[in-house]
Structure formats: structure tokens, C-alpha cells
Amino acid sequence: MPAKPVKVEFSKGTGEPVWCDRCYIRIAPNERRTVASGKAYHTHCYSKIRPNGTKK
Ligand SMILES: [Zn+2]
Numbered sequence: 020m021p022a023k024p025v026k027v028e029f030s031k032g033t034g035e036p037v038w039c040d041r042c043y044i045r046i047a048p049n050e051r052r053t054v055a056s057g058k059a060y061h062t063h064c065y066s067k068i069r070p071n072g073t074k075k
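Residue numbers (the working numbering): 20 to 75.
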């Protein structure tokens with residue numbers, strides 16, 4: 020049985036700069052990010068502003 024490829028959440032190679040809307044530090048292309056309401060956050064920053072996670 021062949022090994023399944025690991026799925027990654029981040030994309031790379033777009034070259035599009037993205038800044039975190041909470042700490043205003045640029046999010047590296049290979050870094051995890053969370054996008055909510057059209058704004059991008061570091062995953063750990065988003066977890067701080069939304070401690071309840073995916074709750075609307
Ligand atoms: Zn951040």
C-alpha cells in the first residue's frame with residue numbers, strides 16, 4: 020500500500036505579501052495563516068482573538 024501524501028494547509032509560491040491584522044508582522048509564505056472576514060492572521064494570533072475557535 021503506497022503512502023498517502025501529507026496535505027498541507029499553506030500554499031507557497033504565490034509571492035503575495037500578507038500581513039497579520041493583529042500583530043502587523045508579515046506572514047511568511049510558508050507559514051500557517053488563518054483568514055477571516057477577508058483579513059489574514061497568524062494562526063496563533065487568530066486563536067488569541069477568537070479563543071472559541073470556529074464559533075461564528
Ligand atoms: Zn500575527
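Don't be surprised by glycine CBs; every beta carbon is placed ideally from N, CA and C.
Original post:
Can you give the Cα-Cα distance for Ser-56 and Pro-70, rounded to whole angstroms?
Top reply: In a straight line, the C-alpha of Ser-56 is about 16 Å away from that of Pro-70.
Subject >> Backbone CA spacing between Ala-47 and Lys-23 [nearest angstrom] >> reply: Spanning the alpha carbons of Ala-47 and Lys-23 requires a straight line of approximately 27 Å.
Original post:
Taking just the CA atoms, how far does Ser-66 sit from Cys-39?
Top reply: Going by the C-alpha atoms only, they are around 13 Å apart.
Original post:
Closest Cβ-Cβ distance between Ile-68 and chain C: below 9 Å?
Top reply: Note that chain C does not occur in the displayed structure, where there is just one protein chain.
Original post:
Less than 8 Å between the CB of Arg-51 and some heavy atom of ligand 1, yes or no?
Top reply: Shortest gap from the CB of Arg-51 to any heavy atom of ligand 1: 8 Å or more.
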